[in-house]
Amino acid sequence: MSDALLAITLVWGFIFLYAIMASMDFGAGFWAMTYIKKEETNATKIANSYLSPTWEVTNTFVVGLVIAIYSLFPGAVFPIGVALIVPASLILVLLCIRSAFLVFSHSVDKYEKALTYISGLTGLIIPGLLISVLPITHLGFVEGMRGNEELNLFKLFTSPNEYAFVGFGVMSTLFLSSLLLSDYSKQADEMKAYKIYRRDAMITGPLMLVMALLVMLTLRNEANWIYQGMMKNSALLFISLIFFIISGIALYLPYFSKQEVKGMPRLAVIAIIIQYLIGSYVYGIAHLPYIIYPNVTILSGFTDPTSFRAVFATYIVGFAILVPGFYYFWSIFMKDQRRKFKRRQMSN
Amino acid sequence: MDHIQMARAMFGTNMAVHIIFATIGVGLPMMMLAAELMYQRTKDLQYVVMAKRWTKTLGVLLGVGIPTGTIAGVQLSLLWPGFMEVIGRVMALPFQIEIYAFMVEALFMSIYVYAAEKIKPWARIVSLFFVAFGALASAVLISNVHAFEGTPAGFRFENGEIVDVDPWAAFFNPSFLVTAGHTALTAYTTGAFVVASVAAYKMLKNKYGTAEFNFHQKALRLSIVLGLVFSFLTALNGHATTQHLYREQPEKLAAAEGLFETQDHAGLTLFGYTDREAQEVKYGIEFPWLLSFLSGNSFDTVVTGLNDFPEEYWPPLYVHILFNAMVMIGSGLIALALFALVWNKWLKKETYPKWILWLFVASGPLSVISIECGWIFACTGRQPWTIYRMLTTEDSVTSYENLGFLFTMFIIVYIILCVSVVFTLLYYFKRHSVMDDIYKAEQKGVRLFDSNS
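Heads up: the sequence lines are chains A and B, in that order. Taking the working numbering, the leading residue of the first sequence gets 358, the next gets one more, and so forth. Taking the working numbering, the leading residue of the second sequence gets 3, the next gets one more, and so forth.
Okay, here's the thing in structure tokens:
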């Protein structure tokens, strides 16, 4: 594998990880807002308790991702920076308010309601904006010569593909988060909340799939080059569909069986993450060699080889130190949360 | 405003807000660590209460520090893509490592807060040490990018292409140590005086001899000692930084001192403003020969004046005022802390007179102002370059021109954040008094730390 390919794999891996983490984070905010009136189900409490410790890591991940892009593909920074200045600034502003209020609401109980609405609304808007980055990179609307690039916003906002992606991003967020929350509330023995989130996942899942089909359909018209590329791996796309069906079965199980079954949300979560992994691999491979179609390729944007080696070495050292640390902390935290829920239930 | 100025104002506003929280975010962990160590020495539970309350404050301040830091990190590529292209090729390491430093800080902070009462004292101190270490490392690494902008190393331009890249030579550029050291020491100084400021204010509000008064006096004493040490070290380091300027960015030093003619036995001018037409500093107080001596340790040192540089390379002349403000506040803080220490240790006074306390109340905001002046001086003093003699600001800026709307949006967000962070701190500490915390600390088996932030 060439260095540039290794580098883009690393970046794409980060994007995938961030997408999963952020979907769960943002979606949890939305669900907390939706169920704020149904106090007896604990659905909002579950979602909020999931939210609070994750934001810091997710926030840092944004910066880590941006740093990965400009340190590995500095040649792409100028067009990306110009193309994304408006959407990225909007994302920053919303993210900033959301994170700040997450922190403040720990100290000021009056903020809790305001926070739920802020994180709920931003939880829906931010993913829509974030996923718009993809159509911006493949639709070819970044126009102009080197150093004078500009994003044609009119073309972007009249493109059906852009809207298909926004719909797909929002639905994926809701689907992934409801799926994860159903697993999380089952772990915490919150059966009322579990039922609600399982139902949500069963509704948003098929909607997500419809959006994914719309994405493919509009891609064929508007960015045929990437559609053709994806179709070369149609076997993989088919496998990803199988994993979607597996997770569907895991969720719908109680309906098929006469016995008392609760469904298997953990299996559904794993199957869906595999499905997304395959899907994003197929999209990512088809996107190559372009970072931004048709101006920037991974080779034209790639960094200096000496820098690449130095940066790559820091990644290896950094991850070797941090991953065990975070795993350890995460397990402490999850145990702590579960214990807290049990305690709260007993006192109720 | 043309769009370069707009971009500079936009990024400058972000930094102006961010550095307040970032600086205190580096300084406070040092104070927390000092309080925990004091507890180990004296076994006085009030020091644990102190550390706990500062931890809570830090947690709230991070609510602005982290988001504004996120904005800074992303906005660099949005507003200055030309600059980041060079940084990405040559100077990516500090940014990379900074992310890990931040993660280390976040991780150990969580361990310190979640598990404080479950782990042994030494483990608590170790985790706090890593919190402070992570915060300090982040500051040092980011300042290193700033150092690189002033004294670039590890690459060359050849026909507009970057060649001979050596990322580690860029990392260890000539002014790395002095610049990063300056950021670190001033952050510790600020941390100490911000604490002193709050403690002195609370002493003024409480009667002499009450438990609450004594608590705050302990905090004030601790911060006076640390404030003195770090402000004095800052002065020594500031001297070294100036000598670096003399050697590596002479026009910046000339602008800071308002020196137009190249000369030996050059004088140092305090106060006043630089008059471009008259080519002198008006209404200043001149100390003859001092500038030459400070720059090269000898009165014969020749200091280059602005007239030896083409005028388009001149930094803006108002940096003289910023430089002065920074130096004067720094010197004032040393004098104040030294006086208070002598008053307490050698004159054996039980407490401090009111006017000293009021001066300490002012010392926190003043040290923050000094930090702001220092950063604005350091960054505008480098103009018209983003990377000294390598890359101009004009070549760094984005080609996107309609920044006005985005700028307005960000300003509104900063106002909301700054107002709500103050409100949050006041609200929380009004409901969680010192006495409550001391009472809780004295009861066995009560959780002192909330499991959040």
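Cβ atoms here follow ideal geometry from the backbone N, Cα and C, with glycine treated the same way. The structure presented is a predicted model; accordingly, all values stated were derived computationally and were not measured.
Report the three-state DSSP secondary structure of residue i (helix, strand or coil).
i, result
"arginine 278(B)", "coil"
"lysine 45(B)", "coil"
"phenylalanine 430(A)", "coil"
"tyrosine 402(B)", "coil"
"valine 436(B)", "helix"
"asparagine 454(B)", "Confidence at asparagine 454(B) is low in this model, with a pLDDT of 38, below 50, so its placement is unreliable and the value that follows should be read with caution. Reduced to three states, the DSSP call for asparagine 454(B) is coil."
"arginine 249(B)", "helix"
"tryptophan 387(B)", "strand"
"isoleucine 649(A)", "strand"
"glutamate 263(B)", "coil"
"lysine 356(B)", "helix"
"lysine 284(B)", "strand"
"leucine 747(A)", "A question about residue 747(A) goes unanswered here, because the residues of chain A that appear run from 358 up to 705."
"isoleucine 413(B)", "helix"
"leucine 349(B)", "coil"
"arginine 158(B)", "strand"
"valine 304(B)", "coil"
"leucine 319(B)", "coil"
"glutamate 2(B)", "The requested residue 2(B) is not part of the displayed model; chain B covers only 3 to 455."
"glutamate 163(B)", "strand"
"threonine 15(B)", "helix"
"phenylalanine 498(A)", "coil"
"phenylalanine 659(A)", "coil"
Flag residue i as yes if its beta-carbon sits less than 9 Å from any beta-carbon of chain B, otherwise no.
i, result
"phenylalanine 498(A)", "no"
"glutamate 469(A)", "no"
"valine 419(A)", "yes"
"isoleucine 454(A)", "yes"
"threonine 663(A)", "yes"
"phenylalanine 660(A)", "The amino acid occupying residue 660(A) in the given sequence is threonine; phenylalanine does not appear at that position. So, interface residue."
"asparagine 652(A)", "no"
"serine 489(A)", "no"
"glycine 675(A)", "yes"
"tyrosine 609(A)", "no"
"isoleucine 372(A)", "no"
"asparagine 724(A)", "Absent from the structure is residue 724(A), since the part of chain A shown begins at 358 and ends at 705."
"phenylalanine 430(A)", "yes"
Would you mind working out which of the options sits nearest residue i, comparing C-alpha positions?
i, options, result
"leucine 610(A)", "Tyr520(A), Ala625(A) and Thr654(A)", "Ala625(A)"
"leucine 374(A)", "Glu397(A), Ile403(A) and Val419(A)", "Val419(A)"
"isoleucine 378(B)", "Asn16(B), Ile6(B) and Asp4(B)", "Asn16(B)"
"tyrosine 390(B)", "Phe85(B), Gln48(B) and Lys45(B)", "Phe85(B)"
"proline 444(A)", "Val490(A), Ala433(A) and Ala425(A)", "Val490(A)"
"glutamate 259(B)", "Ala18(B), Val283(B) and Tyr210(B)", "Val283(B)"
"isoleucine 454(A)", "Leu427(B), Trp348(B) and Ser422(B)", "Ser422(B)"
"phenylalanine 295(B)", "Arg126(B), Gly274(B), Gly29(B) and Thr244(B)", "Thr244(B)"
"serine 406(A)", "Thr417(A), Ala361(A), Thr473(A) and Val639(A)", "Thr473(A)"
"isoleucine 323(B)", "Glu263(B), Glu214(B), Glu374(B) and Leu143(B)", "Glu374(B)"
"lysine 204(B)", "Arg278(B), Tyr102(B), Val363(B) and Met32(B)", "Val363(B)"
"threonine 545(A)", "Gly658(A), Leu367(A) and Ala404(A)", "Note on residue identity: the sequence assigns alanine, not threonine, to residue 545(A). Taking only the C-alpha atoms, the option nearest alanine 545(A) is Ala404(A)."
"serine 316(B)", "Leu255(B), Leu30(B) and His434(B)", "One point to set straight first is that residue 316(B) is tryptophan, not serine, in the sequence displayed. Considering only alpha carbons, the answer is Leu255(B)."
"leucine 187(B)", "Gly240(B), Glu160(B) and Phe150(B)", "Gly240(B)"
Give a yes or no on whether the minimum CB-CB distance between residue i and chain A is below 9 Å.
i, result
"alanine 443(B)", "no"
"aspartate 168(B)", "yes"
"glutamine 251(B)", "no"
"tryptophan 82(B)", "yes"
"alanine 108(B)", "yes"
"lysine 45(B)", "no"
### Message
Would you call the segment 265-277 of chain B in contact with the segment 383-402 of chain B, where contact means no fewer than 3 C-beta pairs closer than 8 Å?
### Response
no
### Task
Mind the definition here: the segment 548-555 of chain A touches the segment 494-508 of chain A only if three or more C-beta pairs lie below 8 Å; say whether that holds.
no
### Message
Whether or not the segment 658-678 of chain A and the segment 167-179 of chain B are in contact is what I'm after, with contact meaning three or more pairs of Cβ atoms, one per stretch, closer than 8 Å; do they touch?
### Response
Taking 8 Å as the limit for Cβ pairs, the verdict is that the segment 658-678 of chain A does touch the segment 167-179 of chain B.
### Message
So if I threshold CB-CB distances at 8 Å, which residues from the segment 406-426 of chain B count as touching chain A?
### Response
Residues Leu408, Met411, Phe412, Val415, Ile418, Leu419, Ser422, Val423, Phe425 and Thr426.
### Task
Spell out a yes or no on whether the segment 129-138 of chain B and the segment 62-78 of chain B are touching, meaning 3 or more CB-CB pairs, one atom from each, closer than 8 Å.
no
### Message
Tell me whether the segment 461-468 of chain A and the segment 104-117 of chain B touch, counting them as touching only if at least three CB pairs, one residue from each stretch, are closer than 8 Å.
### Response
Of all C-beta pairs linking the segment 461-468 of chain A to the segment 104-117 of chain B, fewer than three are shorter than 8 Å, placing the two stretches out of contact.
### Task
Indicate whether the contact test is met: 3 or more Cβ pairs, each with one atom in the segment 350-358 of chain B and one in the segment 304-317 of chain B, closer than 8 Å.
The segment 304-317 of chain B and the segment 350-358 of chain B do not touch, with fewer than three beta-carbon pairs separated by less than 8 Å.
### Message
Count Cβ pairs between the segment 669-689 of chain A and the segment 512-527 of chain A that sit closer than 8 Å; are there 3 or more?
### Response
Remark: fewer than three beta-carbon pairs, one from each stretch, lie closer than 8 Å, so the segment 669-689 of chain A and the segment 512-527 of chain A are not flagged as touching.
### Near-chain A residues of the segment 129-159 of chain B - C-beta to any C-beta below 8 Å
Within the segment 129-159 of chain B, no residue has its Cβ closer than 8 Å to any Cβ of chain A.
### Query
Would you say the segment 534-543 of chain A touches the segment 379-391 of chain A, given that touching needs at least three Cβ pairs under 8 Å?
Three or more beta-carbon pairs separated by less than 8 Å link the segment 534-543 of chain A to the segment 379-391 of chain A, which places the two stretches in contact.
### Query
Between the segment 160-169 of chain B and the segment 185-200 of chain B, do at least 3 Cβ pairs fall closer than 8 Å?
Verdict: no, contact absent.
### Query
Do the segment 639-647 of chain A and the segment 557-565 of chain A make contact, defined as three or more Cβ pairs closer than 8 Å?
Verdict: no, contact absent.
### Task
Pair every Cβ in the segment 588-607 of chain A with every Cβ in the segment 506-515 of chain A, then say whether three or more of these pairs are closer than 8 Å.
Under the three-pair Cβ rule at 8 Å, the segment 588-607 of chain A does not count as touching the segment 506-515 of chain A.
### Residues in the segment 524-549 of chain A having any Cβ partner in chain B nearer than 8 Å
Among the residues of the segment 524-549 of chain A, none has a Cβ less than 8 Å away from any Cβ of chain B.
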